[in-house]
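**Student:** In short: position in the sequence shown from 1, add 247, done, that's the working numbering. Got a structure for you, written out below as structure tokens; questions coming shortly.
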Amino acid sequence: MGPQLPRIAIIGGGPAGLVCARVLQMHGLRASVYEADEATNTRPQGGSLDLHAESGLLALTAAGLIQQFREKARPEGQQVRILDKDGHVLFDLKPQAEAGDVSERPEIDRSELRSILLDSLDPGTVHWNRKLVSVADGGDHGAPHTLIFQDGVTEDADLVIGADGAWSKVRPLVTPATPAYSGFTMVDLTIRNADERYPKLGELVGDGLCFMLAQDRGLLPQRNSGGLIHVYATVRVEEGWAKEDFAAAVRSGGGSVRELLLRYFEGWNPELLEFIRNCDDAFYAWRIYSLPIGHRWSPKSGFTLLGDAAHLLMPFAGEGVNVAMLDGMKLAMALVEAWSTTPSVDSLRHAIPAFEEAMFERAEPPHRQAARNVKLMFDDESPHTFVNMFKGLLESHPHE
């Protein structure tokens, strides 16, 4: 009879936590994933994302899911356009890609990526409607930690992995750091059956992501599957705007939300404003936060963090989910190696510091890139500074 398997708890059912659970499962270690959502699509999952060969795609390959990804990916979604507020196209990059090709940075809807990962896990791995309230720390001597959930249920765990996002309940156990508001809020708008209903808007977006920028504001339409376009209306506003002005407009109805947003885009080309005027009556505001660049902590026995819980960065570099998935894969592989060498809880816990040190180093460059990009996108010379950045990247990497 072999050693008793460790009790590994992953808090959060996003890409980082699900990749970690999947890779552990493939190598004979079982994790329990505790997710606050009541079900898969309880809340909006956001739009489309591109996975990178050196991170997100590498994690999916390690998870044995690259074929499932190919079946859902949209290589043509790599197109990038940049327009000014007058509607002039200043940059248009459309990489050549074939269907099923994952050599570059193909797009996939967030909901489809989550489904691929969820479907790969054994039944009973994910526990829905489990909102973590607190954790009773078992200490440094091998005693289990106790998870306390909102419904009163408690669970013991030898290792607690915080993959629970920006407002992680696990993070305070390892570091006092908290996210800071960036000054920007995104309002997620959707236009369904866009090509049939509003073909001109479909043409403006192209096949991928379009940046329509000016100082302190932007419209970011993004192509998704099934004829859906997500539009991220991004504005520099006070932190309380989403819960005050925006929330009041939502209570008054879709027309009030559109009217509120249009005020921030006064003087823009009327054709661009059709993205706001013609959006569906479903609105969601995302306040953009970030942890400090270079955020680190000292090892805490039996605890670690992944993804946004560890290194929340702004969504302006296309790196957040990629780095998070790589975190999940790297942690799982470190735990598998430790268990195969010495199958004990202490062995797993001792593997954490080296994993964290590598994660800190890995996360800092994209974190800096995201902070740099937000300045280029919304400064007083926008969008020209952002265009120049893309042109510089093309000159330094002409074959990418």
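Glycine included, C-beta positions come from ideal geometry on N, C-alpha and C. Note that the structure is predicted; figures quoted are calculated from it, not measured.
1. So residue 303 and residue 273 are supposed to be a Cβ contact under 8 Å. How far apart are they, rounded?
2. If you follow the beta strand (DSSP E) that residue 266 is part of, which residue opens it and which one closes it?
3. Taking only three categories from DSSP, how would you classify residue 527?
4. Across the region 468-476 and the region 620-638, are there enough close Cβ pairs to call them in contact, namely three or more that are closer than 8 Å?
5. Let's test the definition: count the other Cβ atoms within 10 Å of the Cβ of residue 480 and tell me whether it reaches 16, buried, or not, exposed.
6. Quick one: using the 10 Å Cβ neighbour count with 16 as the cut-off for buried, is residue 325 buried or exposed?
7. Under the DSSP definition of a beta bridge, which residues are partnered with residue 470?
8. In or out: residue 510 buried (at least 16 other Cβ within 10 Å) or exposed?
9. According to DSSP, residue 435 sits in a beta bridge with which residue or residues?
10. What does a CB cutoff of less than 6 Å around residue 555 pick up in its chain, not counting 5 residues either side in sequence?
11. Under DSSP, the alpha helix (DSSP H) around residue 573 begins and ends at which residues?
12. Is there contact between the region 445-462 and the region 504-519, where contact requires at least three CB pairs shorter than 8 Å?
13. So what does residue 256 bridge to, in DSSP terms?
14. Got a sec, what are the start and stop residues for the alpha helix (DSSP H) residue 494 sits in?
15. Residue 364 and residue 446: beta carbons closer than 8 Å?
16. Could you name the residues of the same chain whose beta carbon sits closer than 6 Å to that of residue 255, not counting the 5 residues immediately before and after it, in chain order?
17. I believe residue 341 touches residue 454 by the beta-carbon criterion, under 8 Å. Please report the beta-carbon distance rounded to the nearest angstrom.
18. In terms of residues, what are the limits of the alpha helix (DSSP H) holding residue 316?
19. What are the partner residues of residue 459, as DSSP defines its beta bridges?
20. Do the region 530-550 and the region 422-435 touch if we need at least three Cβ pairs shorter than 8 Å?
21. With C-beta atoms as the reference, is residue 544 less than 8 Å away from residue 425?
22. With respect to the alpha helix (DSSP H) encompassing residue 365, which residues constitute its N-terminal and C-terminal limits?
23. Taking the alpha helix (DSSP H) that residue 625 belongs to, which residues open and close that run?
24. Can you find the residues in the same chain that come closer than 6 Å, C-beta to C-beta, to residue 594, ignoring five residues on each side of it along the sequence?
25. Measuring only the C-alpha atoms, how far is residue 560 from residue 399?
26. Which value, in whole angstroms, describes the spacing of the CA atoms of residue 475 and residue 440?
27. According to DSSP, is residue 513 part of a helix, a strand, or is it coil?
28. Evaluate residue 452 with the Cβ neighbour count: other Cβ atoms within 10 Å of its Cβ, from every protein chain shown; 16 or more gives buried, anything less gives exposed.
29. Do three or more CB pairs link the region 371-385 to the region 328-342 at distances below 8 Å?
30. Suppose the cutoff is 6 Å on Cβ atoms and the five residues either side in sequence are ignored; what does the same chain contact list for residue 642 look like?
31. If distances are taken between C-alpha atoms only, which option among 264, 507, 297 comes closest to residue 282?
32. Out of 592, 442, 570, state which residue places its alpha-carbon closest to the alpha-carbon of residue 614.
33. Return the CA-CA distance between residue 522 and residue 504, expressed in angstroms with no decimal places.
34. Can you tell me which of 497, 299, 393, 558 puts its alpha carbon nearest to the alpha carbon of residue 608?
35. Run through DSSP, which three-state label would residue 427 get?
36. Would residue 482 and residue 467 qualify as a contact pair, given that the criterion is a beta-carbon distance under 8 Å?
**Tutor:** Put simply:
1. That belief does not hold up - the Cβ atoms of residue 303 and residue 273 are roughly 17 Å apart, past 8 Å.
2. DSSP places residue 266 outside any beta strand (DSSP E); the residue lies instead in the alpha helix (DSSP H), whose first and last residues are 262-273.
3. Of the three classes helix, strand and coil, the one that applies to residue 527 here is coil, per DSSP.
4. At 8 Å Cβ cutoff, the stretches do not touch.
5. Classification for residue 480: buried.
6. With 16 or more neighbouring CB atoms inside 10 Å of its own CB, residue 325 falls in the buried class.
7. Bridge partners of residue 470: 476.
8. Per the 10 Å Cβ criterion, exposed.
9. Note: residue 435 sits in a beta bridge opposite 479, 531.
10. Once the five neighbours on either side are set aside, the close Cβ partners of residue 555 are 412, 413.
11. 567-588 is the span of the alpha helix (DSSP H), which, as asked, contains residue 573.
12. Under the three-pair Cβ rule at 8 Å, the region 445-462 counts as touching the region 504-519.
13. Paired residue(s): 279, 407.
14. Residues 494-499.
15. Taking 8 Å as the Cβ cut-off, residue 364 and residue 446 do not qualify as a contacting pair.
16. Cβ neighbours of residue 255 within its own chain (closer than 6 Å, five residues either side excluded): 278, 406.
17. Right, the Cβ-Cβ distance comes to about 7 Å (below 8 Å), so this counts as a contact.
18. Counted as a single uninterrupted DSSP element, the alpha helix (DSSP H) harbouring residue 316 occupies residues 313-319.
19. For residue 459, which the question treats as bridged, DSSP gives the partners 330, 466.
20. Put simply, the region 530-550 touches the region 422-435. At least three CB pairs are less than 8 Å apart.
21. The Cβ atoms of residue 544 and residue 425 do not sit closer than 8 Å to each other.
22. In the DSSP annotation of this structure, the continuous segment of the alpha helix (DSSP H) that includes residue 365 starts and ends at 357-366.
23. Taken as a continuous stretch (DSSP letters only), the alpha helix (DSSP H) holding residue 625 covers 592-625.
24. Answer for residue 594: 585, listed in chain order.
25. Each residue's Cα considered, the two are about 32 Å apart.
26. Answer to the nearest angstrom: the Cα atoms are 6 Å apart.
27. In this structure, residue 513 counts as coil in the three-state DSSP scheme.
28. Classification for residue 452: buried.
29. Too few Cβ pairs lie closer than 8 Å, so no.
30. Cβ neighbours of residue 642 beyond the five flanking positions: none.
31. The shortest C-alpha separation from residue 282 is found at 264.
32. Among 592, 442, 570, the Cα nearest to that of residue 614 is on 570.
33. Using only the alpha carbons, I get a separation of about 13 Å.
34. Checking every option, the nearest Cα to that of residue 608 belongs to 558.
35. Correct three-state label for residue 427: strand.
36. Going by C-beta atoms, residue 482 is not nearer than 8 Å to residue 467.
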